[in-house]
Structures are given as C-alpha cells and as structure tokens.
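Mapping to our numbering: the sequence shown position 25 is 22, numbers consecutive. Ideal Cβ placement from N, Cα and C applies to all residues, glycine included. Report on one structure; see the data block that follows.
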Amino acid sequence: MIQRIAIIGLGTMGPGMAARLARGGLQVAAYDVAPVAIERARSMLGVADSVLDALGIAPPQAGVGTVRFTDDLGDAVSGADLIIENVPENISVKADVYRAIDSLIASDTIVASDTSGIPITKLQEHISHPERMVGMHWSNPPHIIPMIEVIAGEKTAPQTVTTIRDLIRSIGLLPVVVKKDVPGFVENRVLYALLREAVDLVERGVIDPEDLDTCVSWGIGYKIAVIGPMALLDMAGLDIYKSVSSFLNADLSNRDDVAPMVLEKTNASKFGIKSGEGMFSYTPEQTKALQGERARKLVAVRRILEGRG
Ligand SMILES: NC(=O)c1ccc[n+]([C@@H]2O[C@H](COP(=O)([O-])OP(=O)(O)OC[C@H]3O[C@@H](n4cnc5c(N)ncnc54)[C@H](O)[C@@H]3O)[C@@H](O)[C@H]2O)c1
Ligand SMILES: Cc1ncc(C=O)c(C(=O)O)c1O
C-alpha cells in the first residue's frame, strides 16, 4: 500500500501535486535541485490548501497527510513507496534523475513520471527495474484538475498500473488508463491538435488572440466540459461530421514543426506568465489576480459538474 511519496521537481506542477496528495492522507517528501523552487513551493502550499477547502475535498478519516521539504535527494526518496519524477520535459534530465535514485530505492519502489508525452518505454531504458516504472500524467493546475492519465510502457508490470490507478481512485481523483504508449498519450494529443490549429489561425491573421480565446472558451470549451467529443459527435450527428470533415480535414493545419510565431517568442524569452509576456502581457499584480480568478472559476465549474453547485 502506498503511503509515502517523494516528488522530485517543484516547478509549475510539484507544489499543487504535493498539496493534493497530502490532502488525500499521504506523507509527501518534496525535493528540488533549486533552493528557490523549494521556497516558492513552500509558499504555495497555503494557497493550494485554501483551493482544496473551497473544492470541499476532505481528508480521509485517518487525517490529513504531511508535506516536508528537503534539499537532499537521498532523504527525499528514503523509505518512499512511490516516487513521482516531475523535472523538465527532457529525456536526459529525467534519465539523470532515474540514475541518481536507482541505488537509493528498493527494487519494488514505484517510479512514476509526470511527463507530458515522452513514451514511458523510452524512459524505462534508464532505470534498472523497468517493471516498476509508469506514466502518471497530471493536468495543470494539478490540485484542481481531477483527471490523471496512467500509462504503461512496454516493460511496465500490470500490477504497477493497477497500484497507481487504485491510489488515484482512493484519494478521490479520476484515473484514466491509456491503453497504448503513444507520444503525448491522449490528453496532450487532443490538446496539441487544438493548439496547432489555434496558433495557425492567429499566425495567419484569421483571428486576433483575444477573439480566438473567446471563440474556443465560450464555444467548444464550455460545451466540451459537459459533453465529451465522442458524445458530441452523436449530438451533432455523424452525418454532419462526415460532410464537414470530408472538406475541412484537408484544410486544417498539418504542420509538423514548431510554428514560427512560437519560435519567435521563445527565442525572445517570451514564455508566458512565467516571464511576464507570451501571447499576452502580464504584470506581477495581474498574474496574482488572474491566478486567483482562474482558481475561483475552476472551483465553481467543478462543483457544478460534480452536482455539488
Ligand atoms: N506545466 C504543465 O502544464 C505540465 C502539465 C502536466 C505535466 N507536465 C510535465 O511535468 C514535468 C514538470 O513540468 P513543470 O511544468 O512543473 O516544469 P518546471 O520547469 O516548471 O519545473 C521543473 C522543476 O524541476 C527542477 N529540476 C530540474 N532538474 C532537477 C533535478 N535533477 N532534480 C530535481 N529537480 C530538478 C527545476 O528546478 C524546476 O523547479 C514535465 O515533464 C512536464 O512536461 C507539465
Ligand atoms: C500547453 C500544455 N502542455 C502540456 C500540458 C500538460 O502536460 C498542459 C496542461 O496540463 O495544461 C498544457 O496546457
């Protein structure tokens, strides 16, 4: 049974994951190579906790778990039943972590990766017990979005998948087991199909960025939270989908490289909120207000969707 979890990497995703797992009654050790990331994560726990309160997520009867921060990798993974690797999306950075923990952990300790889309089969090449490695792909913000993809690589033992799926369920989250280890798994294949088209439409001047967001959020987005794509096909009618897709699919963006607009911005260190500018611009005050407003709205929508409005 999983009780002790180590999170390696406390950037965008780590702090919310730590808070959510602790709320599920688990004992979390949180580690990062960067002291500044540890301090930032520590300061974010209170905010995540108040969002979890607003969501009405109660701890189990045995009580709420704990989050302890450490700057020592050996201390973080010592005695852990599960390690969640959450470092940047780069195979060699992730492989370094697996090599570093290999001799520090028991052969049956589960090692999960929060990779956004690197096949688990590739990551398993860098660990001595590949049967205990699994994909555990959270969605951002991880303390609010309940769905987590679970992905087996070619060498993952079925029991490893079952253990992680059951753990996710046991703390009130929603596991989705992906049946094939395809790049991007399912959530990001769908998201990146949408983002490729959205970036292309803005880049070609078909629509302004603000209007693109209005169109998608108030059209498809709002609807799809209630009616998933497969159900939407039935609601629209497969005959309609057949007619439209017969001419539209051929006209959709099929670019297989990164769009010039994105390269231009990233080359100028315009990464979005984290750098103050990306598709839009953000002052620190606006960022704080925006994060609060988004959390409030996501909490409200989730409560309604769960029938707890
Ligand atoms: N950002 C998202 O929306 C999102 C959503 C789901 C999954 N993911 C995936 O989760 C992983 C982490 O993403 P993120 O957005 O939190 O990244 P991030 O860049 O915000 O944070 C990564 C953290 O890892 C730390 N780090 C780097 N090397 C390390 C090492 N060797 N040991 C310990 N810590 C180390 C960095 O200091 C940093 O704090 C990636 O694989 C990413 O693709 C990201
Ligand atoms: C743009 C983008 N890329 C990856 C992920 C997750 O892996 C997300 C997300 O969770 O929201 C994302 O927005």
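Which value, in whole angstroms, describes the spacing of the CA atoms of residue i and residue j?
{"i": "Trp135", "j": "Ala256", "result": "26 Å"}
{"i": "Glu290", "j": "Ser104", "result": "44 Å"}
{"i": "Val30", "j": "Met41", "result": "18 Å"}
{"i": "Ile124", "j": "Arg37", "result": "30 Å"}
{"i": "Thr211", "j": "Ala190", "result": "18 Å"}
{"i": "Asn185", "j": "Ser272", "result": "23 Å"}
{"i": "Val175", "j": "Val131", "result": "11 Å"}
{"i": "Ala228", "j": "Ile168", "result": "28 Å"}
{"i": "Tyr28", "j": "Ser278", "result": "31 Å"}
{"i": "Ile88", "j": "Val173", "result": "24 Å"}
{"i": "Pro139", "j": "Gly13", "result": "5 Å"}
{"i": "Leu230", "j": "Glu194", "result": "19 Å"}
{"i": "Gly275", "j": "Asn264", "result": "11 Å"}
{"i": "Val90", "j": "Ile270", "result": "23 Å"}
Since residue i is in the beta strand (DSSP E), which residue starts that stretch and which ends it?
{"i": "Phe277", "result": "Where Phe277 is concerned, there is no enclosing beta strand (DSSP E), given that its DSSP letter is neither H nor E."}
{"i": "Leu171", "result": "Leu171 to Val175"}
{"i": "Glu146", "result": "Met144 to Ala149"}
{"i": "Arg1", "result": "Arg1 to Ile5"}
{"i": "Glu82", "result": "Leu79 to Glu82"}
{"i": "Val25", "result": "Gln24 to Tyr28"}
With burial defined as no fewer than 16 other Cβ atoms inside 10 Å of the residue's Cβ, what is the status of residue i: buried or exposed?
{"i": "Leu18", "result": "buried"}
{"i": "Thr157", "result": "buried"}
{"i": "Asn83", "result": "buried"}
{"i": "Gly60", "result": "exposed"}
{"i": "Met144", "result": "exposed"}
{"i": "Ser214", "result": "exposed"}
{"i": "Leu164", "result": "buried"}
{"i": "Ser110", "result": "buried"}
{"i": "Leu302", "result": "exposed"}
{"i": "Leu23", "result": "buried"}
{"i": "Met10", "result": "buried"}
In terms of residues, what are the limits of the alpha helix (DSSP H) holding residue i?
{"i": "Leu42", "result": "Pro32 to Ala51"}
{"i": "Ile237", "result": "Leu235 to Leu245"}
{"i": "Ala92", "result": "Ile88 to Asp99"}
{"i": "Glu209", "result": "It should be noted that the sequence gives Leu, not Glu, for residue 209. Segment Pro206 to Cys212, the alpha helix (DSSP H) holding Leu209."}
{"i": "Leu120", "result": "Ile117 to Leu120"}
{"i": "Ser167", "result": "Pro155 to Ser167"}
{"i": "Arg20", "result": "Gly11 to Arg20"}
{"i": "Met258", "result": "Pro257 to Asn264"}
{"i": "Arg305", "result": "Unbroken run through Arg305: none, as it is neither H nor E."}
{"i": "Val199", "result": "Glu184 to Glu200"}
{"i": "Ala73", "result": "Leu70 to Val74"}
Under 8 Å, Cβ to Cβ, is there at least one residue of chain D near residue i?
{"i": "Ile217", "result": "Here chain D cannot be found, since the structure has a single protein chain."}
Nearest-residue set for ligand 2, Cβ under 5 Å from any heavy atom: Ser113, Ser136 and Asn137
For the segment 50 to 69 and the segment 91 to 101, state whether three or more C-beta atom pairs, one from each stretch, are separated by less than 8 Å. no
Flag this pair as touching only if the segment 42 to 51 and the segment 197 to 205 have three or more C-beta atom pairs under 8 Å; answer yes or no. no
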